[in-house]
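So the mapping is simple: our numbering equals the position in the sequence shown, first residue as 1, plus 196.
These notes are about the structure you will find just below.
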Amino acid sequence: MKYCCQAKLLERVWEDLSEEEKGVVKRAMNSKSAKRYGNDPLYRKSTGFEALIGYLYISGRERRIMDILMTRVKRS
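The following block contains the structure:
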């Protein structure tokens, strides 16, 4: 998935995220690696989205990943 698509997906599901999930995204967006590409806001958002998916997967919350992805499908 292109980074711009990941950024748009994050924008669509932002209101449905828990405070914990938003914290994961915000920390990733502020990380050194996210700022490497000239502070491009879309790149930073896509980094946050990837971190969220990784966090949920490692936490064993695959169902939540599917919920997030299905939210996007329903809203398109």
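Using N, Cα and C, we set each Cβ at its ideal position, and we do this for glycine too.
In chain order, what residues of the same chain lie with their CB nearer than 7 angstroms to the CB of residue i, ignoring the 5 residues before and after it?
i           : result
residue 224 : 230, 243, 244, 247
residue 210 : none
Can you give me the Cβ contacts of residue i inside the same chain, cut-off strictly under 6 angstroms, excluding the 5 residues immediately before and after it?
i           : result
residue 216 : none
residue 221 : 244, 248
Can you grab the Cα-Cα spacing for the pair residue i / residue j, in whole Å?
i           : j           : result
residue 264 : residue 201 : 14 angstroms
residue 256 : residue 262 : 12 angstroms
residue 228 : residue 266 : 30 angstroms
residue 258 : residue 203 : 20 angstroms
residue 219 : residue 260 : 16 angstroms
Going by other Cβ atoms of all chains shown within 10 Å of its Cβ, with 16 needed for buried, is residue i buried or exposed?
i           : result
residue 251 : buried
residue 241 : buried
residue 253 : exposed
Figure out for me which residue from the options has the closest Cα to the Cα of residue i.
i           : options            : result
residue 199 : 226, 236, 211, 254 : 236
Where does residue i fall in DSSP's three states?
i           : result
residue 244 : helix
residue 204 : helix
residue 223 : helix
residue 179 : It is not possible to answer for residue 179, since the shown part of the chain is limited to 197 through 272.
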